[in-house]
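In the working numbering, the protein residues as written are 5 to 672.
From the three backbone atoms N, C-alpha and C, an ideal C-beta is built for every residue, glycine too.
For clarity, every value in this text was computed on a predicted model and none was experimentally measured.
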């Protein structure tokens with residue numbers, strides 16, 4: 005491609021020709037803005053033509069195909085117009101200006117519109133079209149002219165050198181033995197030196213180099229076993245087009261802090277203390293090594309005695325650990341949990357205080373319901389909440405009839421599993437109460453239980469009798485209780501219980517030498533007498549009953565006689581043969597509605613003969629029954645009459661009762 009330019013005052017006549025065939029053929033021919041061009045360059049790909057004209061503030065680029073504005077369209081040189089331009093084979097563009105606020109040379113990358121470098125000349129000003137690149141592609145030659153008109157050839161060997169900057173983004177803190185990584189970037193106004201090596205040091209010691217990526221980023225990885233502040237320095241040595249750069253940053257390497265929060269207790273008793281704890285690191289960062297342990301000790305706050313417990317292993321996945329202990333006593337205890345630390349974790353410890361209450365055990369006794377007197381008796385018992393210390397004892401007492409205020413007392417050993425064996429030979433019959441009491445120990449509260457055993461006693465003979473089997477109404481019954489052989493108890497009580505009434509004590513006393521206790525009791529109805537013996541150390545209690553029956557009281561009267569007489573010693577009432585004697589019977593107690601019968605007899609042939617026995621007369625509300633006698637063929641005859649109370653089936657209080665006889669005779 006060939007380009008030609010014809011200078012004019014404000015326009016440049018530019019034409020482009022294709023010479024690839026050996027003969028020039030015009031491609032474009034036009035006037036372009038830019039003024040009189042003093043610098044004229046075509047890019048290596050023949051696609052763009054660059055014009056530098058002092059009348060403009062930038063060197064303008066045009067497409068060779070049609071001389072339209074190319075992209076980028078201009079390369080600025082500050083406040084003054086360019087008078088020279090040079091294009092290197094790598095696409096680097098240099099534009100020079102002789103005047104303005106910043107004269108000198110401006111260097112651009114092929115794709116950039118911002119100057120990557122600005123170079124000034126030591127003397128003179130740049131002459132028109134006074135810039136050329138050397139064959140090495142590095143040196144730039146510029147011709148200047150001073151005020152005297154003298155020319156100077158300036159060799160600018162660092163024209164393509166651009167400023168570079170390194171930045172580091174390192175972590176502020178790191179953990180010993182744990183790999184950590186930080187990033188950085190290398191930036192420049194020119195092309196990024198992709199693949200360039202960066203020198204890395206820690207505290208002056210060389211580390212593996214880092215490599216610059218396509219976007220200028222790089223990565224540094226390291227592992228430090230030493231705690232402290234470590235200074236990292238990354239250095240770029242520079243190259244033909246980039247100046248050197250360096251950056252530093254400090255990383256503080258320290259072990260992670262750890263804590264052991266208050267644990268979660270699952271069991272708190274003298275025989276079992278179980279709790280789960282956590283060994284936590286700062287922000288839960290940094291895994292714990294396999295086999296990490298926590299040391300455990302227990303201090304009794306009462307005695308200040310400290311016991312070292314086996315260490316517990318921490319689960320690295322959950323950081324949990326479990327402590328299992330058995331203090332075997334109650335009280336206030338402090339558990340100290342200590343972690344010695346490792347290469348990445350600081351040591352820590354914490355105290356956990358817990359109040360352990362003593363067990364409240366129960367005593368179970370398996371005593372028999374009955375046992376023979378004067379025979380060996382053995383039964384078992386057991387305390388809950390084992391184990392128990394060796395040599396512990398329980399207190400056993402027996403309360404019986406002979407030891408009511410001062411029980412018999414002894415001790416029985418307590419097995420480590422809480423078993424207790426009670427051994428005794430009960431000498432006293434009756435209820436024996438065995439009480440087993442455990443006084444308590446460092447981990448157990450006192451406990452007690454009782455069992456009642458009925459100890460056998462010999463039976464004794466006891467009876468109660470009355471002198472008669474039945475008694476008239478209001479008569480006193482003679483009652484006698486008889487007690488057989490006993491050990492030392494000779495006291496008997498006599499009770500009377502009238503039918504339908506309350507049982508009452510008649511007499512209590514010591515039987516006489518014959519074993520008898522006597523008393524009297526007035527009967528008005530059927531009465532059950534009870535004799536009671538309370539028993540003694542060898543003989544069992546006994547009771548005996550006997551029933552005496554009571555008659556009613558019948559008051560009988562015979563009315564209508566006109567005189568009386570005697571036959572022998574018996575008084576007779578005398579009646580006219582026309583009279584109808586009235587017989588009246590009154591029954592006590594009141595038997596209203598009950599049966600009353602009357603019976604009449606005649607005396608003849610030396611004996612009494614029954615003439616008639618009436619049916620039942622119902623006693624009236626006053627318990628009275630009445631009948632009349634008819635005296636037919638009765639003159640000079642002897643008669644007698646009486647009445648009978650006959651209880652109904654519902655009346656169980658009194659016996660059937662006959663009244664006495666009333667005697668009478670009949671005259672004309």
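Cβ-based burial, residue 137 [other Cβ within 10 Å; buried from 16]: In the chain shown, residue 137 corresponds to position 133, counting from 1. Classification of residue 137: buried, given that the 10 Å Cβ count is 16 or more.
Counted within 10 angstroms of its Cβ, other Cβ atoms place residue 542 as buried (16 or more) or exposed: Walking along the chain shown from the start, residue 542 turns up at place 538. Under this definition residue 542 is a buried residue.
C-beta atoms of residue 566 and residue 580 nearer than 8 Å: Reading the chain shown from its first residue, position 562 is the one you call residue 566. Reading the chain shown from its first residue, position 576 is the one you call residue 580. In this structure, residue 580 lies closer than 8 Å to residue 566 by Cβ.
Stretch pair the stretch 465-474 + the stretch 406-418: three plus CB contacts closer than 8 Å: no
Check whether residue 387 and residue 372 have beta carbons under 8 Å apart: Translated into positions along the chain shown, residue 387 becomes position 383. Translated into positions along the chain shown, residue 372 becomes position 368. Not closer than 8 Å, so no.
Secondary structure of residue 373, DSSP reduced to three states: Counting from one through the chain shown, the residue named residue 373 turns up at place 369. Residue 373 falls in the coil class under three-state DSSP.
Run of the beta strand (DSSP E) containing residue 277, from where it starts to where it stops: Locating residue 277 in the chain shown gives position 273, where the first residue counts as 1. That run of the beta strand (DSSP E) goes 276-282.
Close beta carbons around residue 124, own chain, < 6 Å, minus the five adjacent residues each side: For this step, residue 124 is matched to residue 120 along the chain shown. Cβ neighbours of residue 124 beyond the five flanking positions: 108.
Within 8 Å, strictly: CB atoms of residue 331 and residue 259: Looking up residue 331 in the chain shown gives position 327. Looking up residue 259 in the chain shown gives position 255. It is not a contact, given that the beta carbons lie outside the stated cut-off.
Three-state secondary structure (DSSP) of residue 229: On the chain shown, residue 229 is found 225 positions in, with the first residue counted as 1. Residue 229: coil per DSSP, three-state reduction.
Straight-line gap, residue 517 to residue 462 (C-alpha atoms, nearest Å): Within the chain shown, residue 517 is the residue found at index 513, counting from 1. Within the chain shown, residue 462 is the residue found at index 458, counting from 1. Going from the Cα of residue 517 to the Cα of residue 462 covers about 21 Å.
The stretch 422-441 touching the stretch 472-485, judged by at least three CB pairs closer than 8 Å: no
Start and end residues, beta strand (DSSP E) containing residue 644: Position 640 of the chain shown, counted from the first residue, corresponds to residue 644. Where residue 644 is concerned, the enclosing beta strand (DSSP E) stretches over 642-650.
Among 402, 391, 464, 407, nearest to residue 444 - alpha-carbon criterion: Position 440 of the chain shown, counted from the first residue, corresponds to residue 444. That would be 391, whose Cα lies nearest to the Cα of residue 444.
Proximity below 8 Å, CB of residue 635 to CB of residue 604: Numbered from its first residue, the chain shown carries residue 635 at position 631. Numbered from its first residue, the chain shown carries residue 604 at position 600. It is not a contact, given that the beta carbons lie outside the stated cut-off.
Residue 91 and residue 47 closer than 8 Å at C-beta: Numbered from 1 along the chain shown, position 87 holds the residue referred to as residue 91. Numbered from 1 along the chain shown, position 43 holds the residue referred to as residue 47. Their beta carbons are under 8 Å apart, which means residue 91 touches residue 47 by this criterion.
Whole-number beta carbon distance between residue 35 and residue 2, since they are thought to touch under 8 Å: Residue 2 falls outside the range modelled here, since the chain spans only 5 to 672, and no answer is possible.
Residues bridged to residue 560 [DSSP beta-bridge criterion]: As a position in the chain shown, residue 560 is number 556, starting the count at 1. According to DSSP, which records beta bridges pairwise, residue 560 is partnered with 589.
C-beta atoms of residue 589 and residue 652 nearer than 8 Å: Your numbering for residue 589 matches position 585 in the chain shown. Your numbering for residue 652 matches position 648 in the chain shown. No, they are not a contact pair.
Which of helix, strand or coil DSSP assigns to residue 305: The sequence position of residue 305 within the chain shown is 301, counting from 1. Residue state, collapsed to three classes: coil.
Best match in 285, 607, 453 for proximity to residue 263 [C-alpha to C-alpha]: For this step, residue 263 is matched to residue 259 along the chain shown. Comparing Cα positions, the closest option is 285.
Spatial neighbours of residue 420 in its chain, beta-carbon cut-off 8 Å, leaving aside the 5 residues before and after: Numbered from 1 along the chain shown, position 416 holds the residue referred to as residue 420. So the qualifying residues of the chain are 390, 391, 392, 393, 394.
Whole-Å CB distance - residue 641 paired with residue 598, under 8 Å assumed: On the chain shown, residue 641 is found 637 positions in, with the first residue counted as 1. On the chain shown, residue 598 is found 594 positions in, with the first residue counted as 1. Not quite, the Cβ-Cβ distance comes to about 32 Å (not below 8 Å), so this is no contact.
Burial state of residue 539 (16 or more Cβ within 10 Å): In the chain shown, residue 539 corresponds to position 535, counting from 1. Buried, because 16 or more other Cβ atoms sit within 10 Å of the Cβ of residue 539.
Pair within 8 Å by beta-carbon distance, residue 178 and residue 228: As a first step, residue 178 is located in the chain shown; it is residue number 174 there, counting from the start. As a first step, residue 228 is located in the chain shown; it is residue number 224 there, counting from the start. Yes, the Cβ-Cβ distance between residue 178 and residue 228 is below 8 Å.
Own chain, CB closer than 7 Å to residue 329, minus 5 neighbours either side, in chain order: The sequence position of residue 329 within the chain shown is 325, counting from 1. So the list reads 277, 302, 313, once near-sequence residues are dropped.
Given 8 Å, three or more beta-carbon pairs between the stretch 345-359 and the stretch 309-325: no
Proximity winner among 577, 561, 608, relative to residue 586 (alpha-carbon distances): Taking the chain shown and counting its residues from 1, one reaches residue 586 at position 582. The candidate whose alpha carbon is nearest that of residue 586 is 561.
Residue 618 versus 650, 164, 526, residue with shortest Cα-Cα distance: Within the chain shown, numbered from 1, the residue matching residue 618 stands at position 614. The residue with the shortest Cα to Cα distance from residue 618 is 650.
Assigned exposure category for residue 637 - 16 Cβ within 10 Å defines buried: Walking along the chain shown from the start, residue 637 turns up at place 633. So residue 637 counts as exposed.
Residue 20 classed as buried or exposed, judged by whether at least 16 other C-beta atoms fall within 10 angstroms: Your numbering for residue 20 matches position 16 in the chain shown. With 16 or more other Cβ atoms within 10 Å, it is buried.
Buried versus exposed call for residue 663 [16 or more other C-beta atoms within 10 Å across all chains shown]: The residue given as residue 663 occupies position 659 in the chain shown. So residue 663 ends up on the buried side.
Beta-carbon gap between residue 503 and residue 659 smaller than 8 Å: Residue 503 sits at position 499 when you count from the first residue of the chain shown. Residue 659 sits at position 655 when you count from the first residue of the chain shown. It is not a contact, given that the beta carbons lie outside the stated cut-off.
Helix, strand or coil at residue 396 [DSSP, three-state]: Position 392 of the chain shown, counted from the first residue, corresponds to residue 396. Of the three classes helix, strand and coil, the one that applies to residue 396 here is coil, per DSSP.
Through-space distance from residue 143 to residue 238, alpha-carbon basis: The residue you call residue 238 lines up with position 234 of the chain shown. The residue you call residue 143 lines up with position 139 of the chain shown. Using only the alpha carbons, I get a separation of about 29 Å.
Beta-carbon contacts of residue 361 that lie in its chain and below 7 Å, excluding the five residues immediately before and after: Along the chain shown, one-based indexing puts residue 361 at 357. 334.
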